[in-house]
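Visitor: A single structure is presented below for examination.
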Amino acid sequence: MASSGFSWTLPDHPKLPKGKPVAVVVLDGWGEANADQYNCIHVAQTPVMDSLKNGAPERWRLVKAHGTAVGLPSDDDMGNSEVGHNALGAGRIFAQGAKLVDQALASGKIYEGDGFNYIKESFENGTLHLIGLLSDGGVHSRLDQLQLLLKGASERGAKRIRVHILTDGRDVLDGSSVGFVETLENDLSQLREKGIDAQIASGGGRMYVTMDRYENDWDVVKRGWDAQVLGEAPHKFKSALEAVKTLRAEPNANDQYLPPFVIVDDSGKAVGPVLDGDAVVTINFRADRMVMLAKALEYADFDKFDRVRVPKIRYAGMLQYDGELKLPSRYLVSPPEIERTSGEYLVKNGICTFACSETVKFGHVTFFWNGNRSGYFDETKEEYVEIPSDSGITFNVAPKMKALEIAEKARDALLSGKFDQVRVNLPNGDMVGHTGDIEATVVACKAADEAVKIILDAVDEIPE
């Protein structure tokens with residue numbers, strides 16, 4: 001919260017008249033690029049967005065959505081939905097998770113905090129398990145941070161380490177998983193030369209194993225739990241490199257959707273299930289795709305799936321993923337403190353807001369928009385609507401997603417007379433674009449453009 005004596009008063013906007021609602025529409029994954037055959041927005045032909053750009057060029061602005069402009073460590077860092085919505089919702093730039101972890105690792109403070117000292121208690125007799133995305137994409141995690149954490153933990157007493165990898169292919173090139181596994185295997189081999197029992201224990205593709213978000217599909221998390229905690233999966237291999245190469249050779253296979261696998265010894269026994277007395281760290285610094293696993297690891301009354309066996313462990317996140325839920329309760333690096341967001345300003349000025357998206361982006365216009373805060377600031381002045389996303393399919397199968405339904409909800413909210421601000425997220429460009437399916441992404445862009453028209457038409461219907 002703001003310091004004592006701070007004023008929440010909002011001055012009048014110089015151009016926007018009072019008494020008429022404002023529509024805030026986020027087209028996720030939408031941007032400017034060369035107009036070629038690989039630019040799906042260009043290929044799709046988007047007359048509504050084109051009319052906004054060309055009809056009022058003096059009002060059209062391009063803003064940076066990557067690097068230091070949104071609080072990331074350097075301008076080489078790719079932007080992402082989390083930091084973008086943090087910046088949009090707050091209207092200011094905050095040091096983001098990746099940068100905070102970098103600073104903590106560089107200074108050594110990560111090893112001095114309560115979180116590391118808590119998991120360190122398991123080093124003498126237990127195993128340290130590191131679970132997360134194996135990638136240098138910098139959106140959810142970074143390989144170099146994992147490498148430094150492995151080095152730091154081993155130097156501080158970790159004798160037995162198991163890494164549970166999730167392959168990317170979404171924020172980095174599909175197929176890059178092989179190179180990342182080779183790099184990690186080399187790092188672990190060097191640790192073994194120093195007498196540390198260090199191995200990859202399990203794996204799977206990020207979109208099929210563990211990294212679901214907003215409780216869209218708990219089966220994704222269960223597949224991860226079974227492989228990582230129970231040491232059970234339909235595919236068993238002697239090494240992670242063999243696993244990734246073999247599974248990628250299957251028809252239509254890709255890094256994002258690799259099935260779960262476990263590594264076994266010569267007797268066929270899993271090399272790294274999580275047992276009583278072990279320590280677990282989820283290494284992702286980004287929250288949205290780790291919160292569900294964090295709940296399964298930490299909540300005694302968890303009931304989203306049958307965990308079968310719940311080991312007594314010491315668990316910490318790389319950061320705290322949800323400040324409102326205090327989840328996880330232990331973490332290695334303090335998360336960014338984002339305060340005085342636009343949502344809080346609005347409710348303190350009596351302004352009523354409406355937010356809507358489908359499940360896969362609902363948290364972006366609520367949780368991330370509000371500074372990584374769950375729930376309402378004031379439920380008497382806010383309404384959040386979540387439209388269930390399709391589950392069990394890849395988004396290129398149904399590329400229109402729920403864009404039109406979201407737009408219809410926005411239209412109804414605008415015309416209801418109840419709200420002063422209506423904000424929505426249209427996920428199509430991002431979610432379908434990540435599949436790499438150009439034809440489907442063209443359809444997705446057209447759907448988003450149609451959705452914008454529905455919202456604009458509603459704005460025009462509002463009486464002066």
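With full-length UniProt numbering, the residue at position 224 of the sequence shown is 224, and numbering never jumps.
The C-beta atom is built at its ideal place from N, Cα and C for all residues, glycine as well.
Computed from a prediction, not measured in an experiment: that's the story for all the values here.
Is Glu358 buried or exposed, if buried means 16 or more other CB atoms sit within 10 Å of its CB?
Guide: So Glu358 counts as buried.
Visitor: Near Lys20, which residues of its chain fall below 7 Å by C-beta distance, leaving aside the five closest residues on each side in sequence?
Guide: Ile462
Visitor: Just to confirm, is the Cβ distance from Val442 to Cys40 under 8 Å?
Guide: If you check the CB distance, Val442 and Cys40 come in under 8 Å.
Visitor: What number of angstroms, rounded off, separates the C-alpha of Ala23 from the C-alpha of Asp412?
Guide: If you draw a straight line from the Cα of Ala23 to the Cα of Asp412, it comes to about 12 Å.
Visitor: Work out the CA separation of Arg170 and His434 for me, nearest whole Å.
Guide: 6 Å
Visitor: Are three or more beta carbon pairs between the stretch 85-101 and the stretch 340-347 nearer than 8 Å?
Guide: yes
Visitor: Rounded to the nearest angstrom, what separates Lys400 and Gln256 at their Cα positions?
Guide: Those two C-alpha atoms are separated by around 21 Å.
Visitor: Just mark Trp8 as buried or exposed, buried being the case when its beta carbon has 16 or more other beta carbons within 10 Å.
Guide: The residue in question, Trp8, is exposed, as its Cβ has fewer than 16 Cβ neighbours within 10 Å.
Visitor: Would you call the CB atoms of Leu166 and Arg206 closer than 8 Å?
Guide: yes
Visitor: Looking only at C-alpha atoms, which of Trp369, Ala355, Phe395, Asn396 sits nearest to Glu382?
Guide: Ala355
Visitor: Using the three-state DSSP reduction, which class does Asp144 fall into: helix, strand or coil?
Guide: helix
Visitor: Just the C-alpha distance for Pro14 and Arg59, rounded to the nearest angstrom, thanks.
Guide: 14 Å
Visitor: Return the first residue and the last residue of the alpha helix (DSSP H) that Val459 is part of.
Guide: 438-461
Visitor: In the DSSP assignment, find the unbroken alpha helix (DSSP H) run with Ile119 in it and report its ends.
Guide: 114-120
Visitor: By a C-beta neighbour count over all protein chains shown, 10 Å radius and 16 as the cutoff for buried, is Lys18 buried or exposed?
Guide: Exposed is the call here.
Visitor: Among the candidates Val360, Ala44, Ala33, whose CA atom is the shortest distance from the CA of Ala440?
Guide: Ala44
Visitor: At a cut of 8 Å, does the stretch 255-274 reach the stretch 194-210 through at least three beta carbon pairs?
Guide: yes
Visitor: Could you tell me the alpha carbon to alpha carbon distance between Ala2 and Gln320, rounded to whole angstroms?
Guide: Caution is warranted here: a pLDDT of 46 is assigned to Ala2, below 50, making its placement in the model unreliable, and the coordinate value is therefore given only provisionally. Computed Cα separation, rounded: 21 Å.
Visitor: Just grab the DSSP bridge partners of Gly31 for me.
Guide: Paired residues: none, contrary to the question.
Visitor: Would the beta-carbon of residue 525 fall within 8 Å of that of Gly115?
Guide: Given that the chain is displayed from residue 1 to residue 464, the structure contains no residue 525 and the question cannot be resolved.
Visitor: Can you check which of these residues, Ala33, Gly350, Ser267, Gly436, is closest to Phe419 by C-alpha distance?
Guide: Gly350
Visitor: Which runs of the alpha helix (DSSP H) spanning at least 4 residues fall entirely within the stretch 74-103, listed in chain order?
Guide: 81-90
Visitor: Return yes when the Cβ of Leu426 is within less than 8 Å of the Cβ of Leu62, no when it is not.
Guide: no
Visitor: Taking the alpha carbon of Thr353 as the reference point, which residue from Arg314, Asp102, Gly371, Leu414 has its own alpha carbon closest?
Guide: Among Arg314, Asp102, Gly371, Leu414, the Cα nearest to that of Thr353 is on Leu414.
Visitor: Among Ala33, Gly363, Gly429, Gly108, whose alpha-carbon lies nearest the alpha-carbon of Asn216?
Guide: Looking at the Cα atoms, Gly363 is the closest of the given residues.
Visitor: Which ranges would you report for the beta strand (DSSP E) in the stretch 255-281 if only whole runs of at least 3 residues count?
Guide: 261-263
Visitor: Could you tell me how far apart the beta carbons of His164 and Ile196 are, in whole angstroms, since I believe they sit closer than 8 Å?
Guide: Actually they do not touch by this definition, with Cβ atoms about 17 Å apart.
Visitor: What is the rounded straight-line gap between the Cα of Ser141 and the Cα of Glu464?
Guide: 48 Å
Visitor: Terminal residues of the continuous beta strand (DSSP E) containing Asp50?
Guide: Segment 47-55 is the alpha helix (DSSP H) holding Asp50; no beta strand (DSSP E) there.
Visitor: How about Val264 and Lys238: are their beta carbons less than 8 Å apart?
Guide: yes
Visitor: Could you tell me how far apart the beta carbons of Gly436 and Asp174 are, in whole angstroms, since I believe they sit closer than 8 Å?
Guide: 7 Å
Visitor: Thinking Gly55 and Val70 are a contact (beta carbons under 8 Å), I'd like their distance in whole angstroms, please.
Guide: The beta-carbon separation of Gly55 and Val70, rounded to 28 Å, does not stay under the 8 Å limit for a contact.
Visitor: Could you tell me how far apart the beta carbons of Thr46 and Asp449 are, in whole angstroms, since I believe they sit closer than 8 Å?
Guide: 4 Å
Visitor: Return the first residue and the last residue of the alpha helix (DSSP H) that Cys40 is part of.
Guide: 40-44
Visitor: Taking buried to mean at least 16 other C-beta atoms within 10 Å of its own C-beta, is Thr127 buried or exposed?
Guide: buried
Visitor: As an exercise, report each continuous beta strand (DSSP E) stretch of at least 3 residues that is fully enclosed by the stretch 388-445, in chain order.
Guide: 421-426
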